[in-house]
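Some notes on the structure that comes next.
2 protein chains.
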Amino acid sequence: MKRTTIIDIARSLGITPSTVSRALAGNLRVSESTRKRVQEKALEMGYQPNIVASSLRRGKSDTIGMLVPRINRHFFSHVISAVEEILNPAGYNLLICQSHEKSELENQALQVLLKNRVAGIIMSHAMETVDFEMARKATEERVPVVQFDRVNKEVPGPRIVNDNFSGAYMAVKHLIRGGYSRIAHLTGSLGVNVYSERHRGYRYAMEEASLDFDELVFEGAITRETGYEKALQLVKQHRVDAFFCAGDFASVGTIQAIHDCGLRVPEDMGVVGFANEPFAGFITPQLTTVEQNAYDMGHRAANALIRVIGGQIMTGMDQEEVVPVRLLVRESSMRATVNNK
Amino acid sequence: MKRTTIIDIARSLGITPSTVSRALAGNLRVSESTRKRVQEKALEMGYQPNIVASSLRRGKSDTIGMLVPRINRHFFSHVISAVEEILNPAGYNLLICQSHEKSELENQALQVLLKNRVAGIIMSHAMETVDFEMARKATEERVPVVQFDRVNKEVPGPRIVNDNFSGAYMAVKHLIRGGYSRIAHLTGSLGVNVYSERHRGYRYAMEEASLDFDELVFEGAITRETGYEKALQLVKQHRVDAFFCAGDFASVGTIQAIHDCGLRVPEDMGVVGFANEPFAGFITPQLTTVEQNAYDMGHRAANALIRVIGGQIMTGMDQEEVVPVRLLVRESSMRATVNNK
DNA sequence: TTGTATGCGTTATCAT
DNA sequence: ATGATAACGCATACAA
Numbered sequence: 001m002k003r004t005t006i007i008d009i010a011r012s013l014g015i016t017p018s019t020v021s022r023a024l025a026g027n028l029r030v031s032e033s034t035r036k037r038v039q040e041k042a043l044e045m046g047y048q049p050n051i052v053a054s055s056l057r058r059g060k061s062d063t064i065g066m067l068v069p070r071i072n073r074h075f076f077s078h079v080i081s082a083v084e085e086i087l088n089p090a091g092y093n094l095l096i097c098q099s100h101e102k103s104e105l106e107n108q109a110l111q112v113l114l115k116n117r118v119a120g121i122i123m124s125h126a127m128e129t130v131d132f133e134m135a136r137k138a139t140e141e142r143v144p145v146v147q148f149d150r151v152n153k154e155v156p157g158p159r160i161v162n163d164n165f166s167g168a169y170m171a172v173k174h175l176i177r178g179g180y181s182r183i184a185h186l187t188g189s190l191g192v193n194v195y196s197e198r199h200r201g202y203r204y205a206m207e208e209a210s211l212d213f214d215e216l217v218f219e220g221a222i223t224r225e226t227g228y229e230k231a232l233q234l235v236k237q238h239r240v241d242a243f244f245c246a247g248d249f250a251s252v253g254t255i256q257a258i259h260d261c262g263l264r265v266p267e268d269m270g271v272v273g274f275a276n277e278p279f280a281g282f283i284t285p286q287l288t289t290v291e292q293n294a295y296d297m298g299h300r301a302a303n304a305l306i307r308v309i310g311g312q313i314m315t316g317m318d319q320e321e322v323v324p325v326r327l328l329v330r331e332s333s334m335r336a337t338v339n340n341k
Numbered sequence: 001m002k003r004t005t006i007i008d009i010a011r012s013l014g015i016t017p018s019t020v021s022r023a024l025a026g027n028l029r030v031s032e033s034t035r036k037r038v039q040e041k042a043l044e045m046g047y048q049p050n051i052v053a054s055s056l057r058r059g060k061s062d063t064i065g066m067l068v069p070r071i072n073r074h075f076f077s078h079v080i081s082a083v084e085e086i087l088n089p090a091g092y093n094l095l096i097c098q099s100h101e102k103s104e105l106e107n108q109a110l111q112v113l114l115k116n117r118v119a120g121i122i123m124s125h126a127m128e129t130v131d132f133e134m135a136r137k138a139t140e141e142r143v144p145v146v147q148f149d150r151v152n153k154e155v156p157g158p159r160i161v162n163d164n165f166s167g168a169y170m171a172v173k174h175l176i177r178g179g180y181s182r183i184a185h186l187t188g189s190l191g192v193n194v195y196s197e198r199h200r201g202y203r204y205a206m207e208e209a210s211l212d213f214d215e216l217v218f219e220g221a222i223t224r225e226t227g228y229e230k231a232l233q234l235v236k237q238h239r240v241d242a243f244f245c246a247g248d249f250a251s252v253g254t255i256q257a258i259h260d261c262g263l264r265v266p267e268d269m270g271v272v273g274f275a276n277e278p279f280a281g282f283i284t285p286q287l288t289t290v291e292q293n294a295y296d297m298g299h300r301a302a303n304a305l306i307r308v309i310g311g312q313i314m315t316g317m318d319q320e321e322v323v324p325v326r327l328l329v330r331e332s333s334m335r336a337t338v339n340n341k
């Protein structure tokens, strides 16, 4: 048995599909009475409008493409949730894809979204990505793209980023105030904006305090494992007395390495992370870290997209929105004897 | 400038759209040479097939609807990720909706998926939901529905559930072996299958050990806050010496309540949770809990849906797949003096 | 206020 | 191997 269409409704009411279409759309140029008859009939027949046909005809879609490295990462799943909070009430739905941090999959996903004729795209790039052609191409095909968190200026359109610079600056300054001075920075690829910005914040704070950091920055130490390895090495060499890790996972590895060397956190060594992963407040010692507001970011990204779709933003306009972050001071950086004001 | 269509390609090649369509579809009844010419031209013109038109014409869609209570819950985001792992390679994409644990939103989301003519639906019900008409209606409209985790038998089609009964049984038995006997059970609504099953496992273990539990089961104590409240009350009344909580969040609240009463976990009171939330291994004491395999569940759900779409399962067939769970024994239930074999 | 006619981009059927 | 034609379900310009 086929699904009921406006044609079925029209027939059973002795009117034409056009009238049914108008009635259902709430068009004013249809009499009150027929509108009611149509609505009742539609309900009675269990009519569900065919959005696919409607989209094709209208030449526009109600679905927004969302592309993230991984759905199941705390930060991203919260951004997605926040985006939905804005987009659903606005009549949009989300077609969600993952890149799994791979450029190739990112491009494939982008193609899928384009083929599905999404009304717009909200995305965060894979770590790996250095070629942003596909995303730019999307904008050239009139599909607005909003980037968040991991963004690139080569792609036109709004960018929503965390205040990575300030977060890192606050973190490192906090360590310095705590009396730490040989502060290592474990981070990911500096080709990625979030890490380069955090690195910039780190440098700024170190320079401001006239501290040396020439040999203390380490790319490729961003997972729990790589963080552990690098930290173990540094602690053994007695080269550092604190760590500013560009992510919380590396911080966990770092703390473990410090403990494995028989030293204490924060008494002997301070550790500050970035992201405030769910476990950050639970581990021992509780991790001082920079909190990112995923909800705020998601809301802003969604609203930015709605503005672009609504034509309220020049397409070529290069707009970057910075979401404030907070330093959450916990145990891993607080020496009891030091006054952290 | 409009997007290029097969008509554009046809024109620029001096052939008809039909041939282009066939060539692009890899149809064998088109000459090798024209196929190549078409493919090259398509690439050159930056052609992206219009899936919307294609879906309308073919009468079928490549998108699967996914409906979960909350995207940003660890368990669900991992199930989603696992579903994608199976569905993407099979040529499907995910349209994702959240119910936010509200029946009304669940029904709205279901409507949205139906209107979008998804090829199938994978869903887990909101806690609140007691009326499953809408989901059943979907199946009646020939949209196959696969339920996972929070399922209901009124909805035809495959159901993938965790082995909640066994998990609960193992958890409680483990507490009993550890020497605990007055074991309270904090849980959610017993109208939800996951909680009723865990309750059944709890009862079975208690009865087996001839332990009394008449006044020890408490619905509506499933969040950190409600768990804390109920546990505080019970501990103060000296009525229990252990807790089996139907969720990890309640366990955290429970542990906090026990500590606030000046007692120790596990020395004075044992606590076992359910779900193995990411923080479970990080908190102090580390939480003994039942691990759910979200990936396994997602894979099974996706495969089940593919089978139904492929017609490999009778529509009316009532099939339930049970995913095994594991008890992760950690500190919160291990009295040093007791041998837990 | 309602009907008529047309097209969105694609694919399937039939013919050549 | 290719072309001509129609149809998927809906929305709109135009006519009445």
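For the record, the sequence lines run as chains A and B.
First residue of the first sequence? That's 1 in UniProt numbering, and the numbers climb one at a time after it.
First residue of the second sequence? That's 1 in UniProt numbering, and the numbers climb one at a time after it.
Think of the CB as a built atom: it goes at the ideal place given N, C-alpha and C, for glycine as much as any other residue.
All values derive from a computational prediction rather than experimental measurement.
By Cβ distance, which residues of its chain are closer than 8 Å to residue i, with the 5 residues on each side in sequence left out?
i: residue 134 of chain B; result: 106, 107, 110, 111
i: residue 241 of chain A; result: 180, 181, 182, 183, 268, 269, 270
Take residue i as the anchor and find which of the options has the nearest alpha-carbon.
i: residue 185 of chain A; options: A:164, A:174, A:163, A:213; result: A:213
i: residue 258 of chain B; options: B:276, B:238, B:246, B:248; result: B:238
i: residue 272 of chain B; options: B:241, B:332, B:215; result: B:332
i: residue 346 of chain B; options: B:300, B:240, B:247, B:197; result: Look at the range of chain B in this structure, 1 to 341, and you will see that residue 346 of chain B is not part of it.
i: residue 304 of chain A; options: A:161, A:226, A:262, A:48; result: A:161
i: residue 188 of chain A; options: A:12, A:225, A:291, A:89; result: A:225
i: residue 61 of chain A; options: A:319, A:287, A:90, A:103; result: A:90
i: residue 216 of chain A; options: A:117, A:182, A:96, A:193; result: A:182
i: residue 116 of chain B; options: A:20, A:48, A:149; result: A:48
i: residue 261 of chain B; options: B:229, B:311, B:245, B:124; result: B:229
i: residue 132 of chain B; options: B:143, B:152, B:122; result: B:152
Tell me which residues share the same chain as residue i and place their Cβ nearer than 6 Å to its Cβ, disregarding the 5 neighbours each side in the sequence.
i: residue 313 of chain A; result: 307
i: residue 298 of chain B; result: 79, 82, 83
What does a CB cutoff of less than 7 Å around residue i pick up in its chain, not counting 5 residues either side in sequence?
i: residue 295 of chain B; result: 78, 82
i: residue 335 of chain B; result: 178, 179, 266, 267
i: residue 169 of chain B; result: 201, 204, 205
i: residue 190 of chain A; result: 196, 199, 219
i: residue 74 of chain A; result: 277, 278
Give a yes or no on whether the minimum CB-CB distance between residue i and chain B is below 8 Å.
i: residue 156 of chain A; result: no
i: residue 111 of chain A; result: yes
i: residue 274 of chain A; result: no
i: residue 299 of chain A; result: no
i: residue 334 of chain A; result: no
i: residue 256 of chain A; result: no
i: residue 98 of chain A; result: yes
i: residue 18 of chain A; result: no
i: residue 39 of chain A; result: no
i: residue 50 of chain A; result: yes
i: residue 345 of chain A; result: What is shown of chain A runs 1 to 341, which leaves residue 345 of chain A out entirely.
i: residue 3 of chain A; result: yes
i: residue 70 of chain A; result: yes
i: residue 32 of chain A; result: no
Against chain A, with Cβ distances strictly below 8 Å, would residue i count as a contact?
i: residue 278 of chain B; result: yes
i: residue 341 of chain B; result: Low per-residue confidence applies at residue 341 of chain B: pLDDT is 37, beneath 50, and the placement is therefore not dependable enough to give any value.
i: residue 63 of chain B; result: yes
i: residue 115 of chain B; result: yes
Quick one: Cα of residue i to Cα of residue j, how far?
i: residue 33 of chain A; j: residue 8 of chain A; result: 19 Å
i: residue 87 of chain A; j: residue 155 of chain B; result: 29 Å
i: residue 164 of chain B; j: residue 322 of chain B; result: 9 Å
i: residue 341 of chain A; j: residue 176 of chain A; result: Note that residue 341 of chain A scores a pLDDT of 37, beneath 50, so its modelled location is shaky and nothing firm can be said.
i: residue 2 of chain A; j: residue 138 of chain B; result: 13 Å
i: residue 43 of chain B; j: residue 11 of chain B; result: 15 Å
i: residue 36 of chain B; j: residue 63 of chain B; result: 29 Å
i: residue 6 of chain B; j: residue 51 of chain B; result: 12 Å
At what residues does the beta strand (DSSP E) containing residue i begin and finish?
i: residue 273 of chain B; result: 270-275
i: residue 19 of chain B; result: Looking at the DSSP string, residue 19 of chain B is not in any beta strand (DSSP E); the run it does join, the alpha helix (DSSP H), is 17-25.
i: residue 93 of chain A; result: 93-98
i: residue 183 of chain B; result: 183-186
i: residue 65 of chain A; result: 63-68
Taking the alpha helix (DSSP H) that residue i belongs to, which residues open and close that run?
i: residue 165 of chain A; result: 164-177
i: residue 143 of chain B; result: Looking at the DSSP string, residue 143 of chain B is not in any alpha helix (DSSP H), and its letter there is neither H nor E.
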